[in-house]
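Working notes, structure below.
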Amino acid sequence: MELPTRYTPAEHEGAIYDRWEKSGAFQPKAKEHGERTFTIMIPPPNVTGVLHMGHAMVGTVEDIVIRYRRMLGDAALWVPGTDHAGIATQAVVERKLLDEQKKTRKDLGRPAFEAEIWKWKEQHGSYILQQLRRLGSSCDWTRTRFTLEPAMSRAVREAFVRLFDKGLVYRGARLVNWDCVLQTAVSDDEIEYVPRKDKLYSIRYPVKGRPGEFVTVATTRPETMLGDTGVCVHPDDERYRAYHGSVLLLPLVDREIPLVLDDGVEREFGTGAVKVTPGHDPADYERGAKHNLPIINLYEKDGRLNENAGPYKGLSREKARDEIVKKLDELGLLAKVEPYEHNVAVSDRSKSIIEPLVSEQWFVKMKPLAGPAIRAMQTGALKFRPERWTKVYLDWLENVRDWCISRQLWWGHQIPVWYDEDGVPFASRDDVPIGSPHPKTGKPIVRQDEDVLDTWASSWLWPFATLGWPDLTDDLARFYPTQFLSTAREIIYLWVARMVMAGYEFLDHLPEDQRCPFEVCYVNATVLDGKGRRMSKSLGNGIDPIEMIDKYGADAVRYSLILLTKEGQDVKLSPDRFEQGWRFGNKVWNAARFVLMKLECARGDGTSSSAARLEDRWILSRLAAVREEVSSALEQHRYNDAATALYRFVWNDFCDWYLEIVKPRLVAADDPTAVAARGTLARVLSDALAMLHPFTPYMTEVLWQALNEKLGRTAPMLISGPWPDGAGLARDAAAESEMQTIQDLVRAVRSVRLLTGIAERKPLAAHVAAPRAAERGVLERHAATVKALAFLESCEVREAIARPPNSAVAVAGALEAFVPLSEDVDLEKLRESLSRRAEKVRTGIAGSDAKLANAAFVERADPEIVAEERARRAEMATELALLEKNVAGLGGINGKG
RNA sequence: GGGCGAUUAGCUCAGUUGGUUAGAGCGCUACGUUGACAUCGUAGAGGUCGUAGGUUCGAGUCCUAUAUCGCCCACCA
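Going by the working numbering, the first residue of the first sequence is number -17, and it counts up by one from there.
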């Protein structure tokens, strides 16, 4: 089979992926004694989701890791799946319903609406997983999970009931973050603060019994005054000393509210007097509780004012604000309005302004769960990459607050709590029929709690629920705990920390040191746009990974992402950045194509291990080096270092030098030395493809098949490995050093050509002065190589040579190469170049002298370092002498002399 | 208010425990195409490593301060 000049991803990717999947390669291999398992659980994307660069990044890292472990021979398992994403999904389907049928979910009713969502999920729910396949993700699709499937429900109920029975979950009326659009509570972690230009209103509250006297308060939300039940001032604030113990008259409603002393009040801010609205402000809620102030709830679930707002009942928050400000102004109670910038709490999902309000919700006590998750860090059971996230994780856990887990939604796990006629709750693993007796009170059960659980209350069970928990399945025993989690920093609190808590809390059949759900949490880079901004839908600056895959191929997208991304460091990405990966792929493809063409001439011997020739020894030494580098980088999660090492090896060492050296011999099919070269070629290409496979799986698989076919080898697919074991490979310092001499001379001669304008391929005669016997030997033995690479028709090497008349010269270390010129050539550029080089070397010598002249350095530095410094200094001096001699020699008119 | 990250070539970024004359890709300049690849090759120009101190024989690398940009947490009405 002849490979085409261009690799066309679209022609291969689908077919290769099918073959991998059908072969069962994505599934962990059969269980064997003493096996090592390696498990990754995907961070389940929202079932409504569309693949973005963040997913691509996380997915690429995961796939590199799982492919590497699979090739190493581990029983590797990567479990895929999606998250039902309560609010997000419900919102999508509600919108669709409204658009298509002009109906709300309430029009449909709960069962019909839920059916509608399931229908939507069946149709669209695997979209993002299909996209992950395009990326090459080698997940075990036979185990695809969904956080709302029945098996997950069992796990969720089990977890809830256990917490309920231990008293770690409770129901109570608390001030929660209320999303007025979605009409549900959301947790503290689901809101964000956005800066907003607003107004600060100062309002006069009349003092009872002192006509004409006021206490003035400042607020950004005047409409909440209707819920005020007190005003706080600092006890030492002289301005208000006269009013201590006074009662104020709340304007508009004339409610009597006390002036309360609280040393938590900032005297400098505003007027130093704070209105207290315990029902609608978290800080006021606490102040109110401290001073026993009543709570007044002003709002309906949709954010309109309720009957407690008196004449303003039914108005929206905004409308009420306008009306109230207007009225206060009329009454002369509006003291001041000034522009003010502050942070406003906004719901992550609906982007609507959060209204804090008091309602009955379910909460999880977090403190007891946090302890083991903190210990996991201390015992080393859990590690973050980069390590700095450890602190972020611990800070959150140490200050963790109770978690509001009930949501007033229909899409989710309905809370497994039933109430008797007195409202006494009862948590159950199984459905409880209405009318059956409450196990504690004996009274009939009348209803199930209507709320559903926060999505994270199912996804925190993901690492073990996906393996069958609460049943103690074989899978659970075999694959838990997992080894690696690749994720985004936004969900360290929401998901990562909670999974760790859940692992310790619920897997109590395991010894404590085996409960942590993953060993390493790799926090990925955040992908920014070319201008350094976050990619977001609203900015429209996102780059669609699928579009990039269509254009450049999955391998190029993966490779580019990894090459650009140092461990966890944000990356600015513009579409053209994918070209680097694409170019590299093209290079690999063509190098392999060339090798395969030449292997065709091999007479069955592709495995010769005798690599006596220098270039063979050299490239195998480089291969040994890169193999060690890549393996160690992968083990240490330095993926970009691994990718870079491979890039340099393939492009610079293999293509630029090795292939160029062996090319002439390969072309001459009857050259007996070509056999050894072919053995080397096969070995290097094999190992390089294997090491590249985790990064660029598709192309390497195609080439691997072609290589094996050419060699008559029956090998399994590359996806199954093996990872190169380095057998027979070792660093060869002598070969690397000899090769260095050749490269130095060749580069020097090429440079001379360009600086003197001699055509690159015009044959030249070179006279090389090589005072050192070792270098002389190398150049003599490898004269053919040097001549071919530098396009020399002859290359005479001697210990010393006087510069021939009218010749150009190159200096490389202790080597001098003279090239006699047949025509009149301007040597000025060459002289400048030598001068520049001399200047650089002089700088080096000066630095070196400064060091060596420093007695402290010679005495205190490592003797090895000092010896190296002396050697380096001597080398530089040798080179400088040659440079200076030749600069002077070229000094005449056109260098003739 | 607290914490974290970034600051190195025109651009985007590497630089692993302090130790050569600070690197890569892109871009730029010059030259080059009859056979792996012009999506290529060869050579080259280009940087007082944000600033100021300090530690050290020696600092892009460690410490302190500071500036600018970004992110996270908390949040004062």
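Even glycine gets a Cβ: it sits at the ideal position worked out from N, Cα and C.
In this text the structure is predicted, and so the values were computed from the model without any measurement.
Residue environment, residue i, which counts as buried when at least 16 other CB atoms sit within 10 Å
i: Glu238; result: exposed
i: Thr71; result: buried
i: Gln103; result: Before going on, a small fix: residue 103 reads as Lys here, not Gln. Burial call: buried.
i: Leu454; result: exposed
i: Leu521; result: exposed
i: Ala538; result: buried
i: Ala424; result: It should be pointed out that residue 424 corresponds to Gly in this sequence rather than to Ala. So Gly424 ends up on the exposed side.
i: Arg516; result: exposed
i: His491; result: exposed
Of the listed residues the options, nearest to residue i (C-alpha basis)
i: Leu111; options: Asn622, Thr124, Trp100, Ile99; result: Thr124
i: Val728; options: Ala670, Glu798, Thr682; result: Glu798
i: Ser556; options: Asn523, His(-6), Phe566; result: Asn523
i: Val197; options: Val229, Leu208, Arg203; result: Val229
i: Gly296; options: Lys349, Arg357, Val247, Glu205; result: Glu205
i: Ala73; options: Leu391, Ile306, Pro(-14), Lys179; result: Leu391
i: Asn381; options: Leu114, Lys333, Ala479; result: Ala479
i: Ala573; options: Val644, Ala627, Arg559; result: Val644
i: Ala832; options: Arg852, Pro845, Ser518, Ala820; result: Arg852
i: Glu866; options: His15, Ala820, Met858; result: Ala820
i: Cys777; options: Arg818, Phe800, Ala355, Leu862; result: Phe800
i: Tyr109; options: Asn28, Glu172, Pro845; result: Asn28
i: Met681; options: Ala67, Lys692, Met699, Gly36; result: Met699
i: Met673; options: Arg813, Val340, Ala717, Glu610; result: Glu610
i: Tyr504; options: Pro25, Ala(-3), Ala7; result: Pro25
Euclidean distance between Cα positions of residue i and residue j
i: Val32; j: Leu231; result: 55 Å
i: Val326; j: Val176; result: 5 Å
i: Ser881; j: Leu476; result: Within the shown structure, residues of the chain are numbered from -17 to 879, placing residue 881 beyond reach of any answer.
i: Ala752; j: Arg780; result: 6 Å
i: Glu432; j: Gln396; result: 7 Å
i: Ile336; j: Arg471; result: 24 Å
i: Leu208; j: Val43; result: 54 Å
i: Lys101; j: Ala38; result: 27 Å
i: Lys257; j: Glu220; result: 18 Å
i: Gly394; j: Val509; result: 30 Å
i: Leu771; j: Ile740; result: 15 Å
i: Val284; j: His262; result: It is worth fixing the name first, because residue 284 is Asp in this sequence and not Val. Going from the Cα of Asp284 to the Cα of His262 covers about 14 Å.
i: Tyr(-11); j: Leu543; result: 20 Å
Enclosing alpha helix (DSSP H) for residue i [first to last residue]
i: Leu54; result: 35 to 54
i: Lys811; result: 810 to 835
i: Tyr375; result: 371 to 380
i: Gly270; result: 264 to 272
i: Tyr152; result: Per DSSP, Tyr152 belongs to no alpha helix (DSSP H); it is in the beta strand (DSSP E), 151 to 161.
i: Lys365; result: Where Lys365 is concerned, there is no enclosing alpha helix (DSSP H), although the beta strand (DSSP E) it sits in stretches over 365 to 367.
i: Ile356; result: 349 to 361
i: Phe566; result: 560 to 581
Chain-order list of residues whose beta-carbon lies under 7 Å from that of residue i (same chain, five-residue window excluded)
i: Val428; result: Tyr401, Asp402, Glu403, Ile416
i: Asp384; result: Phe345, Val346, Lys347, Met348
i: Gly549; result: Checking the sequence, you will find Glu at residue 549 rather than Gly. Counting only Cβ-Cβ distances below 7 Å, and skipping sequence neighbours, we find Arg367, Pro368, His619, Arg620.
N- and C-terminal bounds of the beta strand (DSSP E) containing residue i
i: Asp89; result: Where Asp89 is concerned, there is no enclosing beta strand (DSSP E), although the alpha helix (DSSP H) it sits in stretches over 87 to 90.
i: Ile427; result: 427 to 430
i: Tyr504; result: 500 to 505
i: Trp60; result: 57 to 61
i: Trp400; result: 399 to 402
i: Val168; result: 166 to 168
i: Leu774; result: 774 to 780
i: Met530; result: That residue, Met530, is in no beta strand (DSSP E); its alpha helix (DSSP H) goes 527 to 534.
Cβ-based neighbour list, residue i, same chain, cut-off 6 Å, excluding 5 preceding and 5 following
i: Trp633; result: Lys569
i: Thr259; result: Thr206, Gly209, Asp210, Asp266
i: Tyr152; result: Phe345
i: Arg585; result: Note that Arg585 scores 46 on pLDDT, short of 50, meaning its location in the model is unreliable; the coordinates nonetheless yield the value given after this. Taken in chain order, the list of residues that qualify is empty.
Same chain only: Cβ atoms within 8 Å of residue i, ignoring 5 sequence neighbours per side
i: Tyr50; result: Leu616, Pro676, Trp705
i: Asn868; result: Arg785, Val791, Val793, Glu798, Leu816
i: Thr860; result: Gly795, Ala796
i: Leu803; result: Thr738, Ile740, Asn788, Ser789, Ala790
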